[in-house]
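Residue numbers for the sequence shown follow my numbering, so the first one is 1455 and each next one is one higher. A virtual CB, placed ideally from N, CA and C, is assigned to each residue, including glycine. Model, not experiment: these values are computed from the prediction.
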Amino acid sequence: MSGGHSTYTPKTRIGRWFDARLPLPRMVHDQFIAYPVPRNLNYAYSFGGILSMMLATQIVTGVVLAMHYAADATLAFNSVDKIMRDVNSGWLLRYLHSNGASFFFIAVYIHVSRGLYYGSYKAPRELLWVLGCTNLLLMMATAFMGYVLPWGQMSFWGATVITGFFTAIPLVGDWVQQLLLGGFAADNPTLNRFFALHYLLPFMLT
1455 MSGGHSTYTP KTRIGRWFDA RLPLPRMVHD QFIAYPVPRN LNYAYSFGGI LSMMLATQIV
1515 TGVVLAMHYA ADATLAFNSV DKIMRDVNSG WLLRYLHSNG ASFFFIAVYI HVSRGLYYGS
1575 YKAPRELLWV LGCTNLLLMM ATAFMGYVLP WGQMSFWGAT VITGFFTAIP LVGDWVQQLL
1635 LGGFAADNPT LNRFFALHYL LPFMLT
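Right, dumping it as structure tokens:
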């Protein structure tokens, strides 16, 4: 790895004054110009940046889709159909969001594979690796909840089956399942919870 401390040196008096009070130019220099990189830098290392752009795309398309989506068990499927048929470029937004999620996970797995290959889980980066694994679990949960939102047959039974796995937890399994479903079976409370969490978690990931 290269460098340790900042190599940024302001050239003007105003630059030095600004740097002493709000070192934004120093941060830009350190992060984009003099950023320390591995000696074996290759294309696989670009997937972190690719994922940042893909996550931004997912958030933008998701926010626009949420403007037209109805999180109600009796209206959800029809609202998705309305997005596809009546919203300007709604079909494109939906496909960008759903298929973009699939390609997002392809990039995630390449990113994880690169980390495994180059030993990114070893000291002194163990905590960073654990945070990354936590992010992966949150992404998987987010994707699952997004899959449920159209509330068709596959969505309904998918929610029923996956939340049923939690009943395997000793003692508290049934309670956890009922907490997730908002009742004894998948219904309107389930859809509302999943929509709220599907909207919230991507912002937590950023």
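Inclusion of P1643 and T1596 in the CB contact set at 8 angstroms is not warranted, their separation being larger than that value.
S1533 counts as buried, since at least 16 other C-beta atoms from the protein chains shown sit within 10 angstroms of its C-beta. A contact between stretches requires three or more CB pairs, one per stretch, nearer than 8 angstroms, and the stretch 1503-1515 meets this requirement with the stretch 1548-1562.
A distance below 6 angstroms between beta-carbons, with the five flanking residues on each side excluded, links I1487 to no residue of its chain. For D1535, the three-state secondary structure derived from DSSP is helix.
Sixteen is the threshold: when 16 or more other Cβ atoms of the shown chains lie within 10 Å of the Cβ of I1537, as they do, the residue is buried. A straight-line Cα-Cα distance of about 17 angstroms links V1517 and D1535. For H1459, there is no enclosing alpha helix (DSSP H), as DSSP gives it neither H nor E. Per DSSP, R1493 lies in no alpha helix (DSSP H) and is assigned neither H nor E.
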